[in-house]
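According to my numbering, the sequence shown is numbered sequentially starting from 72.
Even for Gly, the Cβ is constructed at its ideal location relative to N, Cα and C.
Below you'll find the structure, written out as structure tokens, and then a few comments.
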Amino acid sequence: MLFDTHAHYDSASFDSDRKEILQNLPAQGVQLVVNPGCERVSNAAVLALSNEYSYVYAAVGWHPEEWESWDALSLAEIEEMARQPKVVAIGEIGLDYYWDKEHKELQKEMLHAQLKLAMKLKLPVIIHDREAHEDCLNAVSCYPGLRGVFHCYSGSAEMAQILLKDGWYLGFDGPVTYKNNKKAAEVLAVTPLDRILLETDSPYMTPVPRRGQRNDSTMIPYIAAKIAEIKGLSTEEVLQAGLENGKRIFGISK
Ligand SMILES: [Zn+2]
């Protein structure tokens, strides 16, 4: 049984076979999925998916790349949706200086508004941090007691240690399986098994040996196998930890 804590089944990549893929997940060993939203249309779509499939949970939020559609109504919309029972986190939120260096201030404004909301609603957050490590760390550090996951963690081992000490989880995806990913091994060396979340980020970041194909939650074992190899554990132990850790941080009891 496995838990994919980060997949985007609302993506247009699944338009032709979304139903088929989602319906078949339990038979393929996928017990739980968290699908984060990224903006208005996506938030509504993930909420609908979470209502349709018992094993799909939603997170709602405004992704930093979606700054153009962020408006005076956005925050209230997120708050209203976040009160629904299948919503387990605020996300995907964060900072992305890889795709957009021009709107750093607006990105930070969006992030802080949503972090404050997560504190108010006592929900964990799903952080997207792309080439914005220092600013992301500074932002979350403003909110003592705030918890969540740094999704597809790409920071240093030093930063990981700071986050782990503060109770954060780190998300690992396809890139851990890519050749010469020394950084992932360094980060995994300082990350205890009970803070690792397994994520696919489907349809993106397909792990080796399926790289080049569309990603989906059934690829989680490839990521778990690589983590197991690095940490000297069995794949089964890593899958089990990933399931328990995901349930703990997202407050899922089933
Ligand atoms: Zn994502």
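| Check | Outcome |
| --- | --- |
| Any heavy atom of ligand 1 within less than 7 Å of residue CB: hits in chain order | 77, 79, 107, 163, 199, 222 and 272 |
| Beta-bridge pairing of residue 89 - partner residues as DSSP gives them | None, per the DSSP bridge assignment. |
| Bounding residues of the beta strand (DSSP E) (the contiguous stretch that carries residue 102) | 101 to 107 |
| Cβ-Cβ distance between residue 218 and residue 167 below 8 Å | no |
| Residues that DSSP places opposite residue 273 in a beta bridge | 78 |
| Simplified DSSP assignment, three categories, for residue 117 | helix |
| Beta-carbon gap between residue 163 and residue 197 smaller than 8 Å | yes |
| C-alpha gap between residue 195 and residue 284, whole angstroms | 31 Å |
| Cβ contact (3+ pairs, closer than 8 Å) linking the segment 258 to 270 and the segment 231 to 243 | yes |
| Exposure of residue 112, with buried meaning 16 or more beta-carbon neighbours within 10 Å | exposed |
| Close Cβ partners of residue 107 (< 6 Å) along its chain, the five nearest in sequence each way excluded | 130, 162, 163 and 197 |
| 7 Å CB neighbourhood of residue 312 in its chain, flanking five on each side removed | 264, 265 and 267 |
| Separation of residue 157 from residue 84, as counted between CA atoms | 23 Å |
| Outcome for residue 144 when other beta-carbon atoms lying within 10 angstroms are tallied against a minimum of 16 | exposed |
| Member of 306, 303, 289 and 165 whose CA lies at the smallest distance from the CA of residue 104 | 289 |
| Residue 205 to residue 232 span [Cα, whole Å] | 14 Å |
| Local conformation of residue 163 per DSSP, three classes | strand |
| Own chain, CB closer than 6 Å to residue 192, minus 5 neighbours either side, in chain order | 153 |
| CB of residue 323 within 8 Å of CB of residue 159, strictly | yes |
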